[in-house]
Each structure stands twice: as structure tokens, then as C-alpha cells.
Amino acid sequence: AEVALALVLLLGAGLLLGSFARVLRQDPGFDPRGVLAAEVPLTTVRYDTDAASVAFYDQVLARVRALPGVRAAGALSMVPLTGELDTWGFHVEDQPLRNPALAPSVVLYLGAPGTPETLGLRLLSGRYFGAEDRAGAPRVAVVGEGLARRYWPRRSPLGARVQFGSREDDWRTVVGVVADMRHDGLEAEAPLQAHVPYAQASPWRLHLLVRAGGDPAALAPALRREVRAVDPQIPVADVRTLEEVLHASLARRRFGLLLVGGFAALALLLAGVGIYGLVAYTVQQRLRELGVRRALGATSRHLHALVLRRGLGHTALGVALGWGAGLLLARSIRSLLFGVAEDDPATYAAIAAAVLAVALLACWLPARRAAAVDPAVVLRGD
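Taken in order, the sequence shown gives residues 11 to 392; the numbers are from the numbering used here.
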């Protein structure tokens, strides 16, 4: 029973560990190493026009880029992997909708020049935004690779005209394609997404992004200082590195793995101790029989194998029972698995081998005692 229960918990931990390893191998769409993010929201009382908001962020970004240790700086209206979404209706000019109310939704970023270099965001074709993409200039957009693949599967989207929202006069020309970024965790598919320059929109809350040459957290005080230098009444909130954001997105899965793994390790330890105690007790009770066998010609190897065979036989029965119960457990945690089948044969085989290895170790010491029995001493004691 101990072996079966230990095997069930170990199977759950093994499946969760395999899922966690596969989640870690997922590409978030950007490089979080060395990047600091900080939310800088504006109030509509002090910044009641788009021009005023754009001017504020322009000044802050110019000052931040001049800081020592800053390799690149940009801004986005949302930080990836946080689950925050700002969705807009999407329409392609040469692909009319039968029902405008059923227009597809895309996640829309307001982005600043320099953002791909700061995030390590891959530019797949065309360009990202530059200083020329201002209010009054031709309105432009950059689409994600998933959006490009869906609406322009056989040609480049560059030069196509698209619309976000319901404003009839808000047509934008696609000037680039970038890699998609994940939002709801590494295991969730990236949503359809696009970027527009914040200078051609209504920015009121941007997240400043800074790529540092050293420790990004060390730039936090300087970042706050530069924002206060432009406007001392504007707060700087939620300052954190993107690696912290990545770790936070994995917290729930990591906690479940540690919880189940801890109980599984404890159960395996108890099972090993239990097997050792049971086999040792059995050997103690059978000393006379073992002495007689030895007196009749049984070798040490024969007695050793006899004890191991008994102990491992019970363990194998526990493994078989635990295997069946483990399949039921795997079905109950199916929603937590990623990239691993609930009946993954490699995981089941590895866990069964681990349990049998522990059982072999637990049986080894009592088996050595049985193999070393002296028939003269045992029979004289009788």
C-alpha cells in the first residue's frame, strides 16, 4: 500500500515536472534578460490632449536613453506575460466583412521607437516605428506574425491598409511584421496582435522598457528620477524586471510542482523505510529457516536472492496497483499538463524504475544479513 501511494504521488510529480520543463522551453517572443519595466500613468486633468501626453513620453524616453548603462529604451502600453489585454476590432481594407459586428479582435499595443531593440522582439519583415511616425504623418501599423499568417497567408502584408476599432477615418498602412508575444503564460497560445505608434494614438499609460548593460534593477532609482525631472507629480509604479514577470507567470505551476513533489518525496522515503523494516523483520523471524537452508547447502548468493525476491515481489505488486491509480490521478490533473500525455510511457517507466531502485536498496541490507547467517550460531540458539 505504501509503494502504491508513493507511486501515485510520484507519477503526478513526474507529469508536472515534464510539463514544467516543456513550458520553460516555450519561446515568449522576446528576451526578458536585462530588461526593466515601469508603469508611468498620466492623469487626464494634467494631460488632457494627445499632444501633451506624447510630449511627456518623448521627453522621458529621451532622458532615459541618455542614462549611463542604458543600451536601449522603448515603451509599450502592456507588458507581455501579465495577462493584461487591450483588444480592438480589426478590419482589412480588401477583405470586407459580411457582418461588421463579428469583426475579429486583436490585442493592440501602443509602441515607441526602439521597442524591438529593447525587448529583443524579432522584426520579421519591414520596419518598426521611427521618429517620423508622428501625428500628422501617414498612419502606420505593425502586425504580429499570427495576424499576418491568418490574413495574408500567401503574400506579404506590407503596404496593406488595416483599421482598428470603428473609426472610418482610422486606416493605417502596415509597415512591418514582428514576432508574437505571449500574454497568459508560456503555455498559452499568443493572441492575434498588432502595434501602432503611441505618437499617433492617445497614450495615457505606457510601460517604460529599459535594456541595461548590467543589473537592470539598479536603474530603477535613475528611472524614477528622470520621470520626476519631467513632471514631479507623475508616479512611477510597478517597477520590476521582465525576468521577475516571467517567474511570476510560472508561480502557480511551480507551486503545484513543489507541493506534489514534496509529498511524493516524503511518500517515497516512507515507502523505503517501510520496505526495509518489513524485510528486516521478516529476515529476523526466518533466521532459523535460513540457518537450516545454509546448513543444507544453500549458498550466500542463494539466500541473498531469496530475500531480495520476496521484498521486490511485494514492491512489484505495489507498483502495479499504483500504476492503475496513477492513471486515474493523471486524468484528474489533465488541465495542468502541457506537452505531456497523461499516460506518457517514459514518465511511468522512469517512476516505476525509481521506486524499484529504492525498494532494491531497502532490501539490500537485510538480504546481506540473511546471506551472512551462521547456521551453527542459529541452531545452537535453538
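C-beta atoms are modelled at their ideal positions from N, C-alpha and C, and glycine is treated no differently.
By the C-beta density criterion, Q203 is buried, having at least 16 other C-beta atoms within 10 angstroms. Under the three-state reduction of DSSP, F348 is assigned to coil, being neither helix nor strand. Around the Cβ of R263, a 10 Å sphere holds 16 or more other Cβ atoms; the residue is buried. A distance below 7 Å between beta-carbons, with the five flanking residues on each side excluded, links V89 to the following residues of its chain, in chain order: A47, H217, V255.
Contact between V220 and A83 holds, with the beta-carbon distance rounding to 5 Å and staying under 8 Å.
For L252, the closest C-alpha among the options T128, E352, R320 is that of T128. Beyond the five residues adjoining it in sequence on each side, F66 comes within less than 7 Å, by CB distance, of L52, Y57, V240, D241 in the same chain, given in chain order. Here T357 is near L21, since their CB atoms are less than 8 Å apart.
Per DSSP, the continuous beta strand (DSSP E) segment holding Q173 begins and ends at 171-174. Within its own chain, the residues whose Cβ lies closer than 8 Å to the Cβ of S212, once the five positions on either side in sequence are excluded, are D60, S63, listed in chain order. Taking 8 Å as the upper bound for CB-CB distance, A200 and G39 are in contact here, some 6 Å apart. For T309 and R319, the gap between their C-alpha atoms comes out near 15 Å.
As computed with DSSP, R182 is found in a beta bridge with V172.
For T97, the enclosing beta strand (DSSP E) stretches over residues 97-102. Residue burial annotation: T54 is exposed, with fewer than 16 other C-beta atoms found within 10 angstroms of its C-beta. The bridge partners DSSP lists for V117 are T97, Q203. DSSP places L219 within a strand segment (E or B) once states are collapsed to three. Annotation for T128: the continuous alpha helix (DSSP H) segment containing it runs 125-129. When C-beta atoms of the region 143-155 are compared with those of the region 178-191, three or more pairs fall below 8 Å, so the two segments count as touching. In the structure shown, L91 falls within a coil segment according to DSSP collapsed to helix, strand and coil. Under the three-state reduction of DSSP output, S63 falls in the helix class.
Taking G130 as reference, the option from P163, R81, A232, E352 with the minimal CA-CA separation is R81. Apart from the 5 residues on each side of it in sequence, A359 has no Cβ closer than 7 Å to any other Cβ in its chain. Beyond the five residues adjoining it in sequence on each side, V116 comes within less than 7 Å, by CB distance, of T97, W98, F100, L157, L202, Q203, A204 in the same chain, given in chain order. When beta bridges are read from the DSSP output, S135 appears opposite V187. In this model, W181 and D194 are separated by some 29 Å (Cα to Cα). Nearest neighbour of T92 by Cα position, chosen from L370, R234, A222, L260, turns out to be L260. Annotation: R234 is outside any beta strand (DSSP E); the continuous alpha helix (DSSP H) that includes it extends over 230-240.
For a cut-off of 8 Å, the C-beta gap from G140 to P123 is around 5 Å, short enough to register as a contact.
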